[in-house]
Amino acid sequence: VVAELKNWRISQIFERQSNSDERRRCSLCGKVVTNVRNHYYVHFPGKYACPLCPAVYTRSDTLLTHTRMKHAHAHAQ
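Letter by letter, the sequence shown follows residues 45 to 121 in this note's numbering.
Rendered as structure tokens:
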């Protein structure tokens, strides 16, 4: 259900450009983009923030992986 709502929101925000199958215009900022999913997070960032750096993720497991890979030294202390 959450994925369906997110897909609906994306389809409402991005309108397909008539001259391209890949390019879409963001109705929030007017920018024309080819990667809708990446641009979506410009306006709706993730909610799982790393306490050790500015990284923010949309999933808790991704934050955990980040913490283990990038900040292993912080856990060793």
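Backbone N, C-alpha and C define an ideal beta-carbon position, used for all residues, glycine too.
Open item on the list: Could you pull the DSSP bridge partners for residue 85 from this structure?
Closed with: Mapped onto the sequence shown, residue 85 falls at position 41. According to DSSP, residue 85 bridges with nothing at all.
Open item on the list: Helix, strand or coil, according to DSSP, for residue 112 in the structure here?
Closed with: Locating residue 112 in the sequence shown gives position 68, counting from the first residue. Of the three classes helix, strand and coil, the one that applies to residue 112 here is helix, per DSSP.
Task: Under 9 Å between C-beta atoms of residue 111 and residue 96 - done: In the sequence shown, residue 111 corresponds to position 67, counting from 1. In the sequence shown, residue 96 corresponds to position 52, counting from 1. Contact: yes.
- [ ] With DSSP collapsed to three states, give me the class of residue 53.
- [x] In the sequence shown, the residue the question calls residue 53 occupies position 9. Of the three classes helix, strand and coil, the one that applies to residue 53 here is helix, per DSSP.
TODO: Quick one: measure Cβ to Cβ for residue 101 and residue 54, integer angstroms, because I've assumed they're closer than 8 Å.
DONE: On the sequence shown, residue 101 is found 57 positions in, with the first residue counted as 1. On the sequence shown, residue 54 is found 10 positions in, with the first residue counted as 1. That belief does not hold up - the Cβ atoms of residue 101 and residue 54 are roughly 18 Å apart, past 8 Å.
Task: Cα-Cα separation, residue 87 to residue 116 - done: Taking the sequence shown and counting its residues from 1, one reaches residue 87 at position 43. Taking the sequence shown and counting its residues from 1, one reaches residue 116 at position 72. Their Cα atoms are separated by approximately 30 Å.
TODO: Can you grab the Cα-Cα spacing for the pair residue 79 / residue 113, in whole Å?
DONE: Position 35 of the sequence shown, counting from 1, holds the residue named residue 79. Position 69 of the sequence shown, counting from 1, holds the residue named residue 113. Approximately 26 Å, taken between the alpha carbons.
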